[in-house]
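One structure is given here, and the rest of the page talks about it.
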Amino acid sequence: MARVDEIRSIVAEYGRLGVDVGQVADEDSLYSAGMTSHASVNVMLALEDHFDVEFPERLLHRSTFESILNLDQALAELLDQ
Amino acid sequence: MADRFAATLRTAREVGVGVLGAHAADVDQSSRFPRESIDALRAAGLLGIVVPTDRGGGSASLTEVAAVCRELGRHCGSSAMVFAMHQIQVACLVRHGAGVDHFEATMRRIAERGSLFASATTEATTGGDIGRSTCAVVPDGHGGFSLTKDASVISYGADVDDVLVTARAHPDAPPTDQVIVHTTRPTLELRPTESTWDAFGMRGTQSVGFQLHATGSMSQVIPEPYADVLARTMVPWAHLTWGSLWLGIAEDAVDRSRRYVRQLARKSPGVTPPSARKLAEVYAELLAVRAIIDKTLELYESTKADPVSARSFTTSLAMNSVKVYVSTRTRAIAESCLQLCGLGAYRNDSEISLTRHVRDLFSAPMMIHNDRLIDWGATTLCAMKDL
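In order, the protein sequence lines correspond to chains E and S.
The opening position of the first sequence corresponds to residue 590 in our numbering, with each subsequent residue numbered one higher.
The opening position of the second sequence corresponds to residue 4 in our numbering, with each subsequent residue numbered one higher.
Shown next as structure tokens:
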């Protein structure tokens, strides 16, 4: 499975979107799609477990979780290290 | 700057002592809007202090507004709360509407006339969750909108000129995709959905439900996303203005207790009354509350210009933690004062009565319920890597 699809399935499970994740493009705002800041933290915890990474303090702000694309970029950076 | 602010604070003290304090007991007993207080604050120019000076206001910072709230809280909790809630709305408008003709004109009107602002976030269908709306901005296709909200609470709604309303951005938006809409008379209608208001404390705020209906131009929608306005302005301004006025209420409770203890001490010099020891303990708690408010105000002022750090988990957690801490500690301080002063403080009709202070402070943990903030903090702490 491509990384972005793995992210999609985690967002679908923990993001509590108001719409189906299939209707959300990679660059669309997940917050506009219904994800709360509370849910975004759960998405992060699930991503950390799934990819065995830690999101460092500098990435812990809203824009990291704004879209599937942003999450993919953050993970690319973390997995690269 | 410092001189201007010193003058503002002096004015707040004069109005506080002369007007708020003079009517506080009646406002509380009659459960009525503190009209004399708000009129006096308006007449003294204090309702417009947040508006930038080049639009006729005072460019007051959150730290300065918080200091005014604290002073007002010492004299009448309800009036201070109305003042704080008004300033939170004005701050959202000033910080996130600047540059838009409609909001520029509105700022000038606030500075000139002291228009009173209220907030409509809570909805019958969403309860206290300010992250969601059911109502939506409905565009009319000609650059205008209409909006109908079943608002379960609009504090002092019967006495306001303007209301900032949260709503879904458009009729197809999910509940969390919200915007803030500025609504104003005469195209703002507020019909109360309850005929009485008789609450435990903060009785002057008249926090009843309204059916809100408004029309206007789409330019009345604050252009920035709600989440930004919420994180960068609404939450820090709410938690720190409220926290400061709760501190003011607690300070007056401690001050009344100090007068009581001093009377006892003067009757028997050389013998420390037991209540004096309790007062010393309470005083340390008061200092802790002052310290956390000052520290969090410093954090806000140093991060407010930077959208990233203003929206970081660390800053958000600090903003929520200060509210939880101050709301519970000020209430505990007032209760300790009530205990140490005994019957005099327990009576409604004595010089050192603390019944209003205690009742007003019971509202503190419930405004944006602490349980909700603690839940959020608990999850966030699991995500944080560094305290």
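Virtual Cβ for every residue (Gly too), placed ideally from N, Cα, C.
Model, not experiment: these values are computed from the prediction.
Let's see if you can read the secondary structure: which residues bound the beta strand (DSSP E) around residue i?
i, result
"S:Lys152", "147-158"
"S:Ser220", "210-220"
"S:Ile183", "181-187"
"S:Thr169", "165-171"
I'd like to know whether the C-beta of residue i is nearer than 7 Å to at least one C-beta of chain S.
i, result
"E:Leu649", "yes"
"E:Val630", "yes"
Along chain E, which residues have their Cβ under 7 Å away from the Cβ of residue i?
i, result
"S:Lys388", "Glu643, Pro645, Glu646"
Going along chain E, which residues have a C-beta under 8 Å from residue i?
i, result
"S:Pro177", "Leu606, Gly607, Val608, Ser621, Ala622, Gly623"
"S:Trp379", "Ser626, His627"
Who are the neighbours of residue i on chain S, taking C-beta pairs under 7 Å?
i, result
"E:Met633", "Ala386"
If the cut is a Cβ gap below 9 Å, which residues of chain S does residue i touch?
i, result
"E:His639", "Going along chain S, no residue has its Cβ under 9 Å from E:His639, so there is no contact; the nearest lies around 15 Å."
Tell me where the alpha helix (DSSP H) around residue i begins and ends.
i, result
"S:Leu194", "First, the residue type needs correcting, since residue 194 of chain S is Arg and not Leu in the sequence shown. From DSSP, S:Arg194 is part of no alpha helix (DSSP H) but of the beta strand (DSSP E) over 191-195."
"S:Thr331", "316-344"
"S:Arg293", "277-306"
"S:Ser122", "First-last for S:Ser122: 120-123, but that is the beta strand (DSSP E), not the alpha helix (DSSP H)."
"E:Tyr603", "592-603"
"S:Asp42", "38-46"
"S:Asp363", "358-365"
"S:Gln32", "24-33"
"E:Met633", "626-640"
"S:Pro239", "238-270"
"S:His99", "80-100"
"E:Leu667", "657-669"
"S:Asp8", "Checking the displayed sequence, the identity of residue 8 of chain S turns out to be Phe instead of Asp. Here the alpha helix (DSSP H) through S:Phe8 covers 5-18."
"S:Glu107", "104-116"
"S:Trp379", "373-386"
"S:Asp231", "229-232"
"S:Leu75", "65-76"
"S:Pro310", "310-313"
So that I know if they touch, is there some Cβ in chain B lying closer than 7 Å to that of residue i?
i, result
"S:Thr128", "Among the protein chains in the structure shown, which are E and S, there is no chain B."
Looking at the C-beta of residue i, does it have a partner C-beta in chain E at a distance below 7 Å?
i, result
"S:Val382", "According to the sequence as given, residue 382 of chain S is Thr; it is not Val. At least one chain E Cβ lies under 7 Å of S:Thr382."
(message) Residues of the stretch 131-145 of chain S in Cβ contact with chain E at a cutoff of 7 Å, in chain order, please.
(response) Gly134
(message) Short of 8 Å Cβ to Cβ, which residues in the stretch 224-247 of chain S face chain E?
(response) Pro228, Ala230, Ala234
(request) Report yes or no: do the stretch 244-263 of chain S and the stretch 206-214 of chain S share at least 3 C-beta pairs separated by less than 8 Å? (result) no
(request) Could you tell me whether the stretch 114-121 of chain S touches the stretch 38-54 of chain S, using the rule of 3 or more Cβ pairs below 8 Å? (result) yes
(request) Could you run through the stretch 306-323 of chain S and flag, in chain order, every residue whose CB is less than 7 Å away from some CB of chain E? (result) Val311, Arg314, Ser315, Phe316
(message) Closer than 7 Å between beta carbons: that is the criterion. Which residues of the stretch 166-197 of chain S meet it against chain E?
(response) Pro177, Pro178, Thr179, Asp180
(message) Could you check whether the stretch 174-181 of chain S touches the stretch 131-146 of chain S, counting it as contact only if at least three pairs of C-beta atoms, one from each stretch, sit closer than 8 Å?
(response) yes
(message) Is it the case that the stretch 22-29 of chain S contacts the stretch 75-92 of chain S, given that we only count it when at least three CB pairs across the two stretches are under 8 Å?
(response) yes
(request) Examine the Cβ distances between the stretch 283-290 of chain S and the stretch 336-348 of chain S and report whether three or more of them are shorter than 8 Å. (result) yes
(message) If contact is defined by three or more beta carbon pairs under 8 Å, each pair taking one atom from either stretch, is the stretch 301-317 of chain S in contact with the stretch 230-237 of chain S?
(response) yes
(request) Would you check if there are 3 or more beta carbon pairs closer than 8 Å linking the stretch 152-170 of chain S to the stretch 178-185 of chain S? (result) yes
(message) Pairs of beta-carbons, one from the stretch 127-137 of chain S and one from the stretch 105-115 of chain S, closer than 8 Å: are there three or more?
(response) no
(message) For the pair the stretch 36-47 of chain S and the stretch 354-372 of chain S, tell me if three or more CB-CB distances fall below 8 Å.
(response) no
(request) Give a yes or no on contact between the stretch 659-667 of chain E and the stretch 637-649 of chain E, applying the rule of three or more CB pairs nearer than 8 Å. (result) yes
(request) Tell me, please, whether the stretch 351-364 of chain S touches the stretch 293-306 of chain S by the rule of three or more beta-carbon pairs shorter than 8 Å. (result) no
(message) Assess contact between the stretch 123-132 of chain S and the stretch 55-70 of chain S, defined as three or more Cβ pairs (one per stretch) separated by less than 8 Å. Is contact present?
(response) no
(message) Contact between the stretch 94-103 of chain S and the stretch 143-154 of chain S is defined here as three or more beta-carbon pairs at a separation below 8 Å; is this criterion met?
(response) no
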